[in-house]
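In this note's numbering, the protein residues as written are 461 to 648. Glycine included, each C-beta is placed from N, C-alpha and C at the ideal position. A short write-up of the structure that comes next.
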């Protein structure tokens, strides 16, 4: 399980999200990822900005949609200049807080399924350098390929899907072991 401890969270949340051109980093910020502690001075600015952006997205109200969470994380995976562990942690924070997905009443089945396929393909693409993530993605690659074939057959037959085919995969993304905590170790 990845654990991200955030110190001075109120300073952190004042930072503008990633899409803005200027960013001011909090002076007294520290982070702990997998029991390795870093201060804001020790982390490259791009990594700090990415983590701040993930926390910003995760803290939105209403929660980020499933489609938007998958899109955001697809962008993050492709940021190869940032260490894999930081990218994995940022994605896990976003997935953990995305809106609930209801497989029986999902109205975005096609989009969710395609984005979920794209997510796994990005993890497996060697150009993205997701070595740690590849191990877990390969375990489910057979499932992904089977799901792609099944969806393709339904589409070819002109049938409609009763439930979102990506539902199980989407919930597995939410279950990734990451939690946010303050300096005292209390969950945020």
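- In the DSSP annotation of this structure, the continuous segment of the alpha helix (DSSP H) that includes residue 554 starts and ends at 544-557.
- Counted as a single uninterrupted DSSP element, the alpha helix (DSSP H) harbouring residue 629 occupies residues 627-634.
- Of the residues assessed, residue 549 falls on the buried side of the cut-off, its CB having 16 or more other CB atoms within 10 angstroms.
- Secondary structure at residue 623: coil, using DSSP grouped into helix, strand and coil.
- With a cut-off of 8 Å on Cβ pairs, the segment 553-572 is not in contact with the segment 582-596, counting fewer than three such pairs.
- A straight-line Cα-Cα distance of about 18 Å links residue 506 and residue 554.
- Ranked by Cα distance from residue 544, the options 516, 583 and 527 are led by 583.
- In the three-state DSSP reduction, residue 527 falls in the helix class (H, G or I).
- Of the residues assessed, residue 510 falls on the buried side of the cut-off, its CB having 16 or more other CB atoms within 10 angstroms.
- Inclusion of residue 627 and residue 570 in the CB contact set at 7 Å is not warranted, their separation being larger than that value.
- Its chain contains 575, 576 and 579 as the residues whose beta carbon lies nearer than 7 Å to that of residue 530, once the 5 sequence neighbours on both sides are disregarded; these appear in chain order.
- Cα atoms of residue 608 and residue 614: separation of roughly 10 Å, rounded to the nearest angstrom.
- Spatial neighbours of residue 547 in its own chain (CB-CB distance under 8 Å, excluding positions within 5 residues in sequence) are listed in chain order as 510, 536, 537, 539 and 590.
- Residues of the same chain with a CB within less than 7 Å of the CB of residue 622, apart from the 5 flanking positions on each side, do not exist.
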